[in-house]
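All remarks here apply to the structure that follows.
2 protein chains.
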Amino acid sequence: MSRATVSRVVNGVRNVAPGIQQAVRDAVARTGYTPNQAARSLVTRRTGTVALVFSATGKAFAARVFSDPFFGRVVDGVLPVLRERAIQPVMLVAESEQARAQLVEYLRRGGADGALVVPLDADDPLPSMLVAAGVPTVLFGRPHDSTRCGFVELDNTAGARLAAEHLWATGRRRPATIAAPAGAPTARERLDGFREAFAARGVTSVPVVRGRFSVDSGRRAMARLLKEHPGTDAVFAANDLMAQGACQYLREEGITVPGSVAVVGFDDSVAARRARPQLTTVRQPVERMAAAMAGLLVEELTGGRPESALQPSEPASKVFDPVLVVRDST
Amino acid sequence: MSRATVSRVVNGVRNVAPGIQQAVRDAVARTGYTPNQAARSLVTRRTGTVALVFSATGKAFAARVFSDPFFGRVVDGVLPVLRERAIQPVMLVAESEQARAQLVEYLRRGGADGALVVPLDADDPLPSMLVAAGVPTVLFGRPHDSTRCGFVELDNTAGARLAAEHLWATGRRRPATIAAPAGAPTARERLDGFREAFAARGVTSVPVVRGRFSVDSGRRAMARLLKEHPGTDAVFAANDLMAQGACQYLREEGITVPGSVAVVGFDDSVAARRARPQLTTVRQPVERMAAAMAGLLVEELTGGRPESALQPSEPASKVFDPVLVVRDST
DNA sequence: AAGGTTTCGGAGAGCGCTCTCCCACGTTTC
DNA sequence: GAAACGTGGGAGAGCGCTCTCCGAAACCTT
């Protein structure tokens, strides 16, 4: 019997007479034959594998990933989508610059068919490196630079609006915001959405102080805010860490939260629960977003979207609605 | 220029004239050439990849893995060892029976050169499946059955002795133990080590109640213990979850911990910190063990130990010393 | 019954590497 | 100066699959 026939049976293409089919299956079972993945990949140019990449350089990398439930939620969202299509999910981590380079090389060489990237830091260079290397890539979060690749993202404007409406409904009339560095597009949307929502209700002047996404920068921003705008009764921060910092500072100054000043964060990360008081914040539907991210990549890989070489189609993306989680800080 | 020469340069074997070498390098850099991994693997029978497998079926899998710092510590231990040798670490998860089958198939086909397996459950069938499939495997923890593969493990007897000596030193003279199901060899060692240590000090009768590693079974075991041996002033449980259960029961019965009864757990898992009072427990040097686990596999893969086909060498293993972590329950 | 059509299996190329041979050339040795 | 040696580079096989082509057999059609 020829190799071709065996190949046909194993891969289930074309018709093979049932008798022969059975014979092949029996032989496979009897001899414990397993096709060689490398040989198969060599000709199909596919590995049947998709990489889920967690990327962040800096110390305590693993501790960061393996203590924040966020990543577990991403995994939970991605796995079923890939399993269903018999794609093997492999998780890769880029915990250092060296690791990042190794990882890009690995994927360039065809270690996996595509990559789902979850960047922990806004300015992560990995996505653009992968795209430049020709690796099909979909991101969790919009690329911070002009990298052209698919992504899923939260509707930041809507999230900010949610926060604003909540503060308005609880009687706050003198809000301020702790924004993010000017570069980040997501952070900018959060700021805009918040201001627009208040503007629509007649509050046109909303002070802004920029932070840098860290707890400490949140403290400093709050200090400045309090000095320059003493009447502030509500603070909306572009992420939970800065909100946490703001709470810390307020507490130290003897200003009650939410009594005198209400604080709203963004992300619903662990920081939101760790903060005292626990933060009211805006949550992303992480599992659904992760599932969609996997879906986009699979679609790209199976060539759902026919693509001309001259004008590659715009990368697909999907936007999700946020949910407001009310806790003790408002 | 021939393919052979290029191959020689890229892989750095044999002498190639410096001039030609440079020419090749330039050409590689200029054209952005990347060797095809599949083709290379096909002939070398190596992928340059090692799988780190987290295995446990049951609900909330990802939540379990991504909230317990234990796994982060394992990753932290494994990564440097592999990076150093330019081996690409890929993390695989077996979160269901289907996933487990897929994973075994993936590795059988040569998806990775070997597997480092961290079983979450004592009776995980994955290790034996991998060994049966001919995948080089090293375990975190001794195999529960007769699976012949390398592993790293804690010196359980020494750990139990540590617990016993600590209880003795703090004046406890009427200890009892909550052991594990009869099958588990590690749990048995913990029991034996504890009893021997007390026997050496003249306390020959140490009551034993068996639990099943869960919080709930710990509660029930504690209840029985208290009924049958009311004078007990110390309890040593074979893992933290059972110790936590014991604490819960004691508290409910109005018995103070550690006032009336001292409790010692094992593992130093998250449960130890979550319990009230926080548990005194026995900790594994996880990072070092994980690094050693990776080292054993690398050694096996690079054929450090010449192995006759007729009589395969005994799988390598390594035993580590435990550390006692004293908290509030003793 | 002869031609056309479909179905099923085999032959063989080729995926992109590595690696063993072998040859050409330059260097040493007696 | 000829034989022995060493060194650098090419030719070409072959890793284990998939997949296209082709031919043989079985099935219809007129």
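Keeping their order, the protein sequence lines are chains A and B. So the first sequence is numbered by full-length UniProt numbering: it starts at 1 and just counts up by one. So the second sequence is numbered by full-length UniProt numbering: it starts at 1 and just counts up by one. Glycine included, every Cβ here is placed at the ideal spot set by N, Cα and C. Just so you know, these numbers come straight off a predicted model, no measurement behind them.
* Asked: So with Cβ pairs under 7 Å, would you call F66 of chain A a contact of chain B?
  -> yes
* Which residues, taken in chain order from the UniProt domain "HTH lacI-type" (1 to 44) of chain A, show a beta carbon closer than 7 Å to some beta carbon of chain B? -> T34, P35, N36, Q37, A38, A39, S41, L42
* May I ask you to list the residues that DSSP assigns as paired with R210 of chain B? => B:A179
* Asked: Leaving out five residues before and five after S317 of chain A in sequence, what residues of the same chain have Cβ atoms less than 7 Å from its Cβ?
  -> G150, F151, V152, E153
* Asked: Can you name, in chain order, every residue of its own chain whose Cβ lies under 7 Å from the Cβ of I255 of chain A, other than the five neighbours on each side?
  -> Counting only Cβ-Cβ distances below 7 Å, and skipping sequence neighbours, we find V261.
* To do: Could you give the DSSP three-state label for G150 of chain B: helix, strand or coil?
  => strand
* Nearest-angstrom Cα separation, counted from T49 of chain B out to D124 of chain B -> 24 Å
* Asked: If you measure from the beta carbon of L310 of chain A to each beta carbon in chain B, is any gap under 7 Å?
  -> Because the pLDDT at L310 of chain A is just 47, under 50, the model does not fix this residue reliably, and the point stays unresolved.
* To do: Please report the residue range of the alpha helix (DSSP H) in which L226 of chain A lies.
  => 215 to 228
* **Those residues which DSSP pairs with G259 of chain A across a bridge** => G259 of chain A is not bridged by DSSP to any residue.
* Give a yes or no on whether 7 Å exceeds the smallest Cβ distance from M91 of chain B to chain A. => Taking a beta-carbon distance threshold of 7 Å, M91 of chain B counts as an interface residue toward chain A.
* To do: With DSSP collapsed to three states, give me the class of L107 of chain A.
  => In the structure shown, L107 of chain A sits in a helix (DSSP, three-state: H, G or I).
* Option in B:F213, B:R195, B:L167, B:A292 with minimal Cα separation from A234 of chain B -> Among B:F213, B:R195, B:L167, B:A292, the Cα nearest to that of A234 of chain B is on B:L167.
* Asked: Would you report the Cα separation of Q22 of chain A and G12 of chain A, rounded to the nearest angstrom?
  -> 12 Å
* Asked: Using a C-beta cutoff of 7 Å, does Q248 of chain B count as contacting chain A?
  -> Chain A, which has no Cβ nearer than 7 Å to the Cβ of Q248 of chain B, makes this no.
* Asked: Is it a yes or a no for the segment 61 to 74 of chain B touching the segment 60 to 78 of chain A, going by three-plus beta-carbon pairs under 8 Å?
  -> yes
* Asked: P69 of chain B CB to nearest chain A CB: under 7 Å?
  -> Yes, its Cβ sits closer than 7 Å to a Cβ of chain A.
* Assess, as a yes-or-no matter, whether the segment 102 to 116 of chain A is touched by the segment 127 to 136 of chain A under the definition of 3 or more beta carbon pairs within less than 8 Å. => yes
* Going by beta carbon distance, what residues of the same chain come within less than 8 Å of A291 of chain B, once the five residues before and after it are set aside? -> G77, V78, P80, V81
* **Where the segment 275 to 298 of chain A meets chain B: residues whose CB sits under 9 Å from a CB there** => none
* Asked: Buried or exposed: which applies to A17 of chain B, given that a residue is buried once 16 or more other Cβ atoms fall within 10 Å of its Cβ?
  -> exposed
* To do: Pull up the distance between the alpha-carbon of Q88 of chain B and that of T302 of chain B, whole angstroms please.
  => 15 Å
* Roughly how many angstroms lie between the CA atoms of L52 of chain A and G295 of chain B, to the nearest whole one? -> 25 Å
* To do: List the residues of chain A whose Cβ lies closer than 7 Å to the Cβ of G72 of chain B, in chain order.
  => A62, A63, V65, F66, S67
* 6 Å CB neighbourhood of V6 of chain A in its chain, flanking five on each side removed -> V24
* **N239 of chain A versus A:R190, A:L103, A:S205, residue with shortest Cα-Cα distance** => A:R190
* Beta bridge counterpart(s) of L52 of chain A as assigned by DSSP -> A:M91, A:L116
* Asked: Applying the criterion that 16 or more other CB atoms from any shown protein chain within 10 Å of the CB defines a buried residue, is E95 of chain B buried or exposed?
  -> buried
* **Residue-level contact to chain B via CB, D76 of chain A, 7 Å cutoff** => yes
* Asked: Taking Cβ-Cβ distances shorter than 8 Å, what residues in chain A pair up with E95 of chain B?
  -> L79
* **For A132 of chain A and F236 of chain B, the rounded distance between their alpha carbons** => Cα to Cα, F236 of chain B sits roughly 57 Å from A132 of chain A.
* Given that a residue counts as buried once 16 or more other Cβ atoms are within 10 Å of its Cβ, and exposed if not, what is P230 of chain B? -> P230 of chain B comes out exposed.
* Could you tell me how far apart the beta carbons of G245 of chain A and R219 of chain A are, in whole angstroms, since I believe they sit closer than 8 Å? => 4 Å
* For L225 of chain A, decide whether its Cβ has a neighbour in chain B, counting only Cβ atoms nearer than 7 Å. => no
* Can at least three beta-carbon pairs, one atom from the segment 31 to 39 of chain A and one from the segment 35 to 46 of chain B, be found at a separation below 8 Å? -> yes
* Does any CB atom of chain B fall closer than 7 Å to the CB of G110 of chain A? -> yes
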